[in-house]
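Colleague: The sequence shown: position 22 = 26 (this note's numbering), numbered continuously.
A virtual CB, placed ideally from N, CA and C, is assigned to each residue, including glycine.
Please read through the structure below; I'll follow up with questions.
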Amino acid sequence: FNNEEASYQLLAGSRLSFIGCWLVMRQNVPAVFLPKDLLETIPKQLFIFRDSINEQDYSRIASVIKQLE
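Put into structure tokens, the structure is as follows:
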């Protein structure tokens, strides 16, 4: 990901497992700037292993994913 200026929205397709979590995201771009067909692009996916980040951050991510379900 090019994170310099981009922000992403976590989607309901994100999932938790005992070894980590799948994040399904789409880039947060105002609809006024994009044609409709570009808004329906394939979301970005990222797997984060549970032990690759600290417990507090993983807990926050898990909490947000549970709210999306």
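#1: For Ile-69, count neighbouring C-beta atoms within 10 Å of its own C-beta (all shown protein chains included) and say buried if the count is 16 or more, exposed if not.
#2: Here's the rule: buried if 16 or more other CB atoms are within 10 angstroms of the residue's CB, otherwise exposed. What is Ser-18?
#3: May I ask you to list the residues that DSSP assigns as paired with Tyr-12?
#4: Return the chain-ordered list of same chain residues with a C-beta closer than 6 Å to the C-beta of Ala-66, the five sequence neighbours on each side being excluded.
Modeller: With the structure as the only source:
#1: Its Cβ being crowded by 16 or more others within 10 Å, Ile-69 is buried.
#2: buried
#3: Answer is Gln-31.
#4: Leu-20
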